[in-house]
Amino acid sequence: MSERNNNADQIRRQVLGDNYVNNTLNGWEPARPVLELLENTPWGFLWPREQLSLQSRSLITVAILAALDRHQELETHIRGARRNGCSFEEIIEAILHSGVYSGMPTAVEGAKIAQRIATEEQQVTS
Numbered sequence: 620m621s622e623r624n625n626n627a628d629q630i631r632r633q634v635l636g637d638n639y640v641n642n643t644l645n646g647w648e649p650a651r652p653v654l655e656l657l658e659n660t661p662w663g664f665l666w667p668r669e670q671l672s673l674q675s676r677s678l679i680t681v682a683i684l685a686a687l688d689r690h691q692e693l694e695t696h697i698r699g700a701r702r703n704g705c706s707f708e709e710i711i712e713a714i715l716h717s718g719v720y721s722g723m724p725t726a727v728e729g730a731k732i733a734q735r736i737a738t739e740e741q742q743v744t745s
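Following this line, the structure appears as structure tokens:
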């Protein structure tokens with residue numbers, strides 16, 4: 620593994636968690652090009668850049684995924700944002716901001732996903 624790919628893997632694991640990374644298309648050879656694109660582009664090129672913090676990148680990603688109605692990836696990246704230290708208030712603010720520009724139904728769906736994750740986190744810590 621090259622240094623760039625190693626760094627990409629490290630950041631991806633930091634944001635999304637080992638379990639997610641280990642179980643996303645790994646071992647399925649036809650999907651290898653998809654994994655290479657993931658490793659090289661967002662995780663190998665964008666996320667390591669120093670101009671934005673991981674928290675900022677997480678909030679931007681949450682806003683974009685909410686706007687696009689990509690619920691499964693939105694859930695993954697809300698969890699990643701929490702792992703990066705983002706509060707639920709910041710996450711909801713990013714979703715709210717995107718909803719004004721992309722349509723309020725996307726903000727409502729995004730807020731529902733964030734609420735479900737917050738409830739799950741509360742149950743784990745109780």
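Each residue of the sequence shown is one higher than the last, beginning at 620 in the numbering used here.
No residue lacks a Cβ here, since even glycine has one placed at the ideal position from N, Cα and C.
Please read these numbers as outputs of a predicted model, since none were measured by experiment.
Check: Range of the contiguous alpha helix (DSSP H) that encloses residue 672; Outcome: Counting along the chain, residue 672 falls outside any alpha helix (DSSP H), and DSSP gives it neither H nor E.
Check: Secondary structure of residue 744, DSSP reduced to three states; Outcome: helix
Check: Those runs of the alpha helix (DSSP H) which lie wholly inside the segment 674-728 and span at least 4 residues; Outcome: 690-702, 707-721
Check: Per-residue burial, residue 678 [other beta carbons within 10 Å of its own, 16 or more giving buried]; Outcome: buried
Check: Three-state class that DSSP yields for residue 644 in the structure shown; Outcome: coil
Check: Through-space distance from residue 684 to residue 692, alpha-carbon basis; Outcome: 7 Å
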